[in-house]
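Chains as they are written, first to last, in my numbering: chain A, 1 to 307; chain B, 308 to 638. From the three backbone atoms N, C-alpha and C, an ideal C-beta is built for every residue, glycine too. Only one structure is covered here, and it is reproduced in the block below.
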């Protein structure tokens, strides 16, 4: 096989370029198969999840592996959209994503602009204070007890306030702001603009794509929130969607263990309902992803630009 | 002229500097107040105020957890010296979790790390542009899902009613008699690695693809003239051009060893696989919030401190080494 590849490869190079389109080489075929295979591996679990959520439980139990469903039912989705827990948590998540993202972005952008001022007294000390938190933290118990002292345990705002600023995002945005030509800012200053005006009227409009990227990242993080809810919020009325989903998934798994020990059964969530919950949770992301992909994918490389 | 007072001049200079610093601070007063302060305050409140709580690692601390706030506990609990660290040393579950943390990180390094490198090279070799873009959309999407969602799908696929069991039973009915793929010490770590590659493997390609895209095309042209085939060009041009990035990523991942992905493991594991799947973070969570016996929270603070100190050293060390290879420190 390897030999073949080399032979075809050399042949290609004799008339480099022009006939690449015309001839399909073994190497290209293998490449195509490998890449498609991996894509199928990624896609299949989603497809399976959707199928399980729309076929009747009986069909699924009889034959878990399906490619095309014989019968379709919307019962699971009816359950999801009639469940007070899920509806409330959906609303919670939407509010959290909006409020949290605005809060994160405002703090991040303000800090980022601060660090573009190279002669700001104490700049390095402040930078150190922020960067240090990326490497060291208090740990679970001290953090929990502090939040308790701050009145955040059992308080919905625990999902928002501590998230604050991602130092990484802040530094990337800051370095992108610094790369803007200094003359723009200077001429604005000549015209009598203050720093707040310069930031919002001049700097931010110039880095819109970068802001879009990190707005999306923050929104996804808030949408995916469950850990803080698990630690600090006992009351399921305050839960975001991911936490409610987690509860439904794990309580359904525990049915088998509970049944074994013979205790009373918790509410039964069938696989269909679990998968319907997952589809509902993933849907907003999946619907937006292809259109916003450009922004989703640039974040990492933005950080790498500065050499 | 000769006997001017050097000291007086220096003093004057210093006073001037001080004045100019005050002037500079004054000039930036709105920046300090409206731009620096909000973010800094949030970081100090939520990241620095918990730090004194580390002292609980040297204190006896058993009351009902979370009844009062951090600082009242700090004031009221009695010091016990290094007792918690000594019992930590003897605690089997702790060593099991430490061992698992390193084992899982190493396995992810060995199997998970090369995957995006290879995938990036393959994607780059793809000549059909449209198709390539569709593939990339698919590969990178799972990165943005939470582990709650991914674990939900994994538990369904590999669970008792799942597709994997039903397909395996077609080929080997005996193998599914006692189906416990999710609750088996032998299959749990492979499950972690595979699901990790499934979720992050495509996302990991982005930096490599950006680096490959930056390779000077004239290198390839020259190699083609010299008669190098595609495979030779991958080995002699593409790979060397991204080697420094590969090294940096490798070092950074090694530096992150202590974080064996709480989210993933916590959403997938169960009591039967604690022996191979329990890591330090999940261990701390369990002894703090799910312990059946009365717990000394000073002990769980001590475990957390142990982890954070090692983590700190590894991260700083990795960052310093990565800098030698041209890493800029923010990523």
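Minimum Cβ-Cβ distance from residue i to chain A less than 8 Å
{"i": "residue 432/B", "result": "yes"}
{"i": "residue 419/B", "result": "no"}
{"i": "residue 394/B", "result": "no"}
{"i": "residue 363/B", "result": "yes"}
{"i": "residue 455/B", "result": "yes"}
{"i": "residue 551/B", "result": "no"}
{"i": "residue 598/B", "result": "no"}
{"i": "residue 317/B", "result": "no"}
{"i": "residue 575/B", "result": "no"}
{"i": "residue 320/B", "result": "no"}
{"i": "residue 323/B", "result": "no"}
{"i": "residue 495/B", "result": "no"}
{"i": "residue 537/B", "result": "yes"}
{"i": "residue 584/B", "result": "no"}
{"i": "residue 525/B", "result": "no"}
{"i": "residue 414/B", "result": "no"}
{"i": "residue 337/B", "result": "yes"}
{"i": "residue 342/B", "result": "yes"}
{"i": "residue 615/B", "result": "yes"}
Closer than 9 Å at the beta carbon, the chain A residues around residue i
{"i": "residue 447/B", "result": "289, 293, 296 and 297"}
{"i": "residue 488/B", "result": "Within chain A, no residue comes near residue 488/B; the closest Cβ sits about 13 Å away, beyond 9 Å."}
{"i": "residue 622/B", "result": "134, 135 and 136"}
{"i": "residue 442/B", "result": "35, 36, 38 and 39"}
{"i": "residue 593/B", "result": "Within 9 Å Cβ-Cβ: nothing; residue 593/B doesn't reach chain A, min ~11 Å."}
Beta-carbon gap between residue i and residue j smaller than 8 Å
{"i": "residue 108/A", "j": "residue 54/A", "result": "no"}
{"i": "residue 456/B", "j": "residue 94/A", "result": "no"}
{"i": "residue 614/B", "j": "residue 565/B", "result": "yes"}
{"i": "residue 584/B", "j": "residue 503/B", "result": "no"}
{"i": "residue 167/A", "j": "residue 133/A", "result": "yes"}
{"i": "residue 595/B", "j": "residue 153/A", "result": "no"}
{"i": "residue 461/B", "j": "residue 575/B", "result": "yes"}
{"i": "residue 476/B", "j": "residue 65/A", "result": "no"}
{"i": "residue 446/B", "j": "residue 276/A", "result": "no"}
{"i": "residue 512/B", "j": "residue 430/B", "result": "yes"}
{"i": "residue 394/B", "j": "residue 581/B", "result": "no"}
{"i": "residue 410/B", "j": "residue 111/A", "result": "no"}
{"i": "residue 505/B", "j": "residue 421/B", "result": "no"}
{"i": "residue 400/B", "j": "residue 590/B", "result": "yes"}
{"i": "residue 463/B", "j": "residue 52/A", "result": "yes"}
CB contact below 8 Å: residue i versus chain B
{"i": "residue 195/A", "result": "yes"}
{"i": "residue 129/A", "result": "yes"}
{"i": "residue 173/A", "result": "no"}
{"i": "residue 38/A", "result": "yes"}
{"i": "residue 79/A", "result": "no"}
{"i": "residue 90/A", "result": "no"}
{"i": "residue 28/A", "result": "yes"}
{"i": "residue 117/A", "result": "yes"}
{"i": "residue 246/A", "result": "yes"}
{"i": "residue 256/A", "result": "Low per-residue confidence applies at residue 256/A: pLDDT is 44, beneath 50, and the placement is therefore not dependable enough to give any value."}
{"i": "residue 282/A", "result": "yes"}
{"i": "residue 200/A", "result": "no"}
Cross-chain neighbours of residue i in chain A, by beta carbon under 7 Å
{"i": "residue 581/B", "result": "The contacting residues do not exist; residue 581/B stays about 15 Å from chain A at best."}
{"i": "residue 345/B", "result": "107 and 110"}
{"i": "residue 328/B", "result": "121"}
Partner residues on chain B for residue i, Cβ-Cβ distance less than 7 Å
{"i": "residue 43/A", "result": "445"}
{"i": "residue 209/A", "result": "The premise fails here: residue 209/A is roughly 16 Å from chain B at the closest Cβ pair, so nothing lies under 7 Å."}
Cβ distance (whole Å) where residue i is taken to contact residue j below 8 Å
{"i": "residue 499/B", "j": "residue 571/B", "result": "7 Å"}
{"i": "residue 50/A", "j": "residue 279/A", "result": "6 Å"}
{"i": "residue 89/A", "j": "residue 285/A", "result": "About 16 Å; that fails the 8 Å criterion."}
{"i": "residue 544/B", "j": "residue 428/B", "result": "Going by Cβ atoms, the distance from residue 544/B to residue 428/B rounds to 11 Å, so no, they are not a contact pair."}
{"i": "residue 80/A", "j": "residue 273/A", "result": "7 Å"}
Residue i: contacting residues in chain B (beta-carbon distance under 9 Å)
{"i": "residue 101/A", "result": "Those within 9 Å of residue 101/A in chain B number zero; the least Cβ separation is about 14 Å."}
{"i": "residue 50/A", "result": "Residues of chain B passing the Cβ test: none, with the nearest at roughly 11 Å."}
{"i": "residue 275/A", "result": "459, 460 and 463"}
8 Å Cβ cut-off: residues of chain A touching residue i
{"i": "residue 357/B", "result": "137, 138, 139, 142, 143, 145 and 146"}
{"i": "residue 565/B", "result": "Result: empty, since nearest Cβ-Cβ is about 11 Å, beyond 8 Å."}
Proximal residues of chain B, C-beta to C-beta of residue i below 8 Å
{"i": "residue 165/A", "result": "346, 349 and 350"}
{"i": "residue 278/A", "result": "456, 459 and 460"}
{"i": "residue 31/A", "result": "429, 432 and 433"}
Can you confirm whether the stretch 95 to 114 of chain A touches the stretch 207 to 225 of chain A when touching is taken to mean that 3 or more C-beta pairs between the two stretches lie within less than 8 Å? yes
Do the stretch 482 to 492 of chain B and the stretch 612 to 631 of chain B make contact, defined as three or more Cβ pairs closer than 8 Å? no
Determine, using beta-carbon pairs with one atom in the stretch 147 to 165 of chain A and one in the stretch 345 to 360 of chain B, whether at least three such pairs fall under 8 Å. yes
Residues within the stretch 213 to 224 of chain A neighbouring chain C, beta-carbon criterion of under 7 Å: Given the protein chain composition of this structure (A and B), no chain C is represented.
Between the stretch 431 to 444 of chain B and the stretch 550 to 562 of chain B, do three or more beta carbon pairs fall short of 8 Å? no
For the 8 Å Cβ check, are there 3 or more pairs between the stretch 141 to 150 of chain A and the stretch 352 to 363 of chain B? yes
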